[in-house]
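Asker: The numbering of the sequence shown is our numbering, which starts it at 8 and goes up by one. Cβ atoms here follow ideal geometry from the backbone N, Cα and C, with glycine treated the same way. Nothing here was measured: the structure is a model prediction, and the numbers come from that model.
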Amino acid sequence: MDFGGIYYAKVTGSYNHAVEDSERMGSLVENELNEDNKEINDTSDESRQTIGGVEVSSEIYSKNANSGYKYNNRYYYNSLSEEAKAIYDTIVNNIDKLKNGNIRIDIDYDFSKLLNNGNGQDTLNDYYEDAINAINLDVPNLFYLDFSKMWLRVERKSNIFGTKYKLYIDSGENENYFSKGFTSNTQVEIAESQVEIAKNQVKAVLNGTNYDKIKSLHDWLIDYMEYDATAVNKASVYGALIEKRGVCESYARTYKYILDELGIENILATGTATNSSGRTEDHMWNYVKLDGKWYAVDTTWDDPIILGGGTPSNEVKHRYFLKGSVDFFKNHTEKLTISPSGKIFALPKLESNNY
Numbered sequence: 008m009d010f011g012g013i014y015y016a017k018v019t020g021s022y023n024h025a026v027e028d029s030e031r032m033g034s035l036v037e038n039e040l041n042e043d044n045k046e047i048n049d050t051s052d053e054s055r056q057t058i059g060g061v062e063v064s065s066e067i068y069s070k071n072a073n074s075g076y077k078y079n080n081r082y083y084y085n086s087l088s089e090e091a092k093a094i095y096d097t098i099v100n101n102i103d104k105l106k107n108g109n110i111r112i113d114i115d116y117d118f119s120k121l122l123n124n125g126n127g128q129d130t131l132n133d134y135y136e137d138a139i140n141a142i143n144l145d146v147p148n149l150f151y152l153d154f155s156k157m158w159l160r161v162e163r164k165s166n167i168f169g170t171k172y173k174l175y176i177d178s179g180e181n182e183n184y185f186s187k188g189f190t191s192n193t194q195v196e197i198a199e200s201q202v203e204i205a206k207n208q209v210k211a212v213l214n215g216t217n218y219d220k221i222k223s224l225h226d227w228l229i230d231y232m233e234y235d236a237t238a239v240n241k242a243s244v245y246g247a248l249i250e251k252r253g254v255c256e257s258y259a260r261t262y263k264y265i266l267d268e269l270g271i272e273n274i275l276a277t278g279t280a281t282n283s284s285g286r287t288e289d290h291m292w293n294y295v296k297l298d299g300k301w302y303a304v305d306t307t308w309d310d311p312i313i314l315g316g317g318t319p320s321n322e323v324k325h326r327y328f329l330k331g332s333v334d335f336f337k338n339h340t341e342k343l344t345i346s347p348s349g350k351i352f353a354l355p356k357l358e359s360n361n362y
């Protein structure tokens, strides 16, 4: 006799990496600077600068824009269980298929040993959440996917010889797993092409030593972008490179996206940040490796929203650039659990002193 079934493991999906709760972070920095520095900064579109005189292209679509981004900086992947790595690999290796929005993706891994245990399904759900949250931090440019709309589907078939399981990912009860605003593969390809073109233009004029590139990219990003919690694509590289607006996720993801392309080791870090008024919010920033040592860079807090017309001083502009743990952790706190499962992900140990 056969006993079979198909059931969905609805997982909460992507952890909140400071999208919702960070919306007031711009005001935090504004208050801090108004109180402590009396600096003013014009954040209008007209004041946003280019790098090396390069404006982001208005070209809409180019089939040849793909730069061959290989998702090779897998920092969070390395901390996953074998099962979570199998899920992670399946998603990353099928990125082109996922751009269709509702394609079923089979997971080629035997989960029988895990699922035949009494609490196997709960453990599998934890591994799934660990995997997609690791992807969210390792691969910064998947702006067109909403992982919370992906469902892990488990197909079970039992007979007298035992039980076998087949796992795959699809859109479940949702029409698709696109982020808000995307409805087709064509839309995704156009947006991705725009991002690639803009990224390549910026990357082309980042020259000199690794320090020069890290600093030039930092300065360009905060001059080019405007903190805007109301932007539609406020947490993505698309929002940063094409719309010039976003919150901390948009700044940090874009910084990582281009540093990855330059071959400079870096990661996204999440946690909380507290301003001089004592208000604490969820936040995202970067850790960058330079001369064999790790330092913190917070591009968002180096780009304050301040009323008036003018520019911040270099001291204000680089207050959170290549900082060591002594200074940085005065108002930033790391979050080691990037997933609702509670799994701890070890972060790099920062150098004590600033670069």
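Helix, strand or coil for F154, going by three-state DSSP, please let me know.
Answerer: F154 falls in the helix class under three-state DSSP.
Asker: Mind checking who W292 pairs with in its DSSP beta bridge?
Answerer: Partner(s): A276.
Asker: Please go through the same chain and pick out, in chain order, the residues whose beta-carbon is closer than 6 Å to the beta-carbon of R111, but skip the five residues on each side of it.
Answerer: Hits under 6 Å: Y175, D177.
Asker: Give the C-beta separation of K106 and N192 to the nearest angstrom, bearing in mind that I take them to be a contact with Cβ-Cβ under 8 Å.
Answerer: About 5 Å separates the two Cβ atoms, so the contact holds.
Asker: Could you work out which residue in K220, F335, G299, V323 is closest to D309 when comparing CA atoms only?
Answerer: Taking only the C-alpha atoms, the option nearest D309 is V323.
Asker: Any idea which residues DSSP pairs L297 with across the strands?
Answerer: Bridge partners of L297: K300.
Asker: Assign F114 to buried or exposed, taking buried as 16 or more other Cβ atoms, counted over all protein chains shown, within 10 Å of its Cβ.
Answerer: Here the sequence assigns Ile to residue 114, which means Phe is not the residue at that position. Its Cβ being crowded by 16 or more others within 10 Å, I114 is buried.
Asker: Contact between the stretch 180-198 and the stretch 129-137: three or more CB pairs below 8 Å?
Answerer: No: the two stretches stay apart, fewer than three of their Cβ pairs being nearer than 8 Å.
Asker: Beta carbon of Y95, beta carbon of Y84: below 8 Å?
Answerer: Yes, Cβ-Cβ distance for Y95 and Y84 is below 8 Å.
Asker: Could you tell me whether the Cβ atoms of V202 and L266 are closer together than 8 Å?
Answerer: No, the Cβ-Cβ distance between V202 and L266 is not below 8 Å.
Asker: So, V244 versus N148, is the Cβ gap smaller than 8 Å?
Answerer: Taking 8 Å as the Cβ cut-off, V244 and N148 qualify as a contacting pair.
Asker: Report yes if the C-beta distance between L357 and A280 is below 8 Å; otherwise report no.
Answerer: It is not a contact, given that the beta carbons lie outside the stated cut-off.
Asker: Alpha carbon to alpha carbon, how far is E90 from S283?
Answerer: Those two C-alpha atoms are separated by around 43 Å.
Asker: Going by the CB atoms, is the gap between T340 and I351 shorter than 8 Å?
Answerer: No. Outside cutoff.
Asker: Is I345 helix, strand or coil by DSSP?
Answerer: Coil.
Asker: Three Cβ pairs or more, each shorter than 8 Å: is that satisfied between the stretch 206-221 and the stretch 149-156?
Answerer: Because the criterion of three Cβ pairs below 8 Å is not met, the stretch 206-221 and the stretch 149-156 do not touch.
Asker: On the criterion of 16 or more Cβ atoms from any shown chain inside 10 Å, does G246 qualify as buried, or is it exposed?
Answerer: Buried, since its Cβ has 16 or more Cβ neighbours within 10 Å.
Asker: Tell me, please, which residues DSSP counts as bridged to I114.
Answerer: L174, per the DSSP bridge assignment.
Asker: Considering S223, what are the terminal residues of the alpha helix (DSSP H) in which it resides?
Answerer: Note, S223: alpha helix (DSSP H), 217-231.
Asker: May I ask you to list the residues that DSSP assigns as paired with S186?
Answerer: Its beta-bridge partners do not exist; DSSP assigns none.
Asker: Since K120 is in the alpha helix (DSSP H), which residue starts that stretch and which ends it?
Answerer: K120 -> alpha helix (DSSP H) spans 119-122.
Asker: Between the alpha carbons of F168 and N80, how many angstroms are there, rounded?
Answerer: Each residue's alpha carbon lies about 42 Å from the other.
Asker: If we count the other Cβ atoms within 10 Å of its Cβ and call it buried at 16 or more, is E162 buried or exposed?
Answerer: The residue is exposed, with fewer than 16 neighbouring Cβ atoms inside 10 Å.
Asker: If I measure Cβ to Cβ from V63 and keep anything under 6 Å in the same chain, skipping five residues before and after, which residues do I get?
Answerer: Only weak support is given to the placement of V63: the predicted model assigns it a pLDDT of 40, under 50, and the question is left unresolved by the model.
Asker: Determine whether the beta carbon atoms of S119 and K171 lie at a separation below 8 Å.
Answerer: Contact: yes.
Asker: Compute the Euclidean distance between the alpha carbons of M291 and N166, then round it to the nearest angstrom.
Answerer: Their backbone Cα atoms lie some 49 Å apart in a straight line.
Asker: Can you tell me which of I274, C255, V254 puts its alpha carbon nearest to the alpha carbon of K263?
Answerer: Considering only alpha carbons, the answer is I274.
Asker: Given a cut-off of 8 Å on the beta-carbon distance, is the pair I221 and V295 in contact?
Answerer: Contact: yes.
Asker: Would you mind sorting V333 into buried or exposed? The rule is 16 or more other CB atoms within 10 Å of its CB.
Answerer: Flag for V333 reads exposed.
Asker: Roughly how many angstroms lie between the CA atoms of I2 and V99, to the nearest whole one?
Answerer: Any property of residue 2 remains undetermined from this structure, which presents the chain solely from 8 to 362.
Asker: I'd like to confirm the pairing. Which residues does DSSP put opposite K330 in its beta bridges?
Answerer: Beta-bridge pairing links K330 to A303.
Asker: For W366 versus V209, is the C-beta distance shorter than 8 Å?
Answerer: The chain is shown from 8 up to 362; residue 366 falls before or after that span and cannot be answered.
Asker: For the candidate residues V195, Y116, K300, whose alpha-carbon lies nearest to that of K104?
Answerer: For K104, the nearest C-alpha among the options comes from V195.
Asker: Exposed or buried, what is N140 when buried is set at 16 or more other beta-carbons lying within 10 Å of its beta-carbon?
Answerer: Answer is buried; the Cβ neighbour count reaches 16.
Asker: Just to confirm my understanding: we take N293, look at its own chain, exclude 5 residues before and 5 after, and list those with CB closer than 8 Å. What are they?
Answerer: A259, Y262, K263, L266, N273, I274, L275, A276, A303, V304, D305, T306, listed in sequence order.
Asker: So that I know if they touch, is there some Cβ in chain B lying closer than 8 Å to that of I271?
Answerer: This model lacks chain B altogether; it includes just one protein chain.
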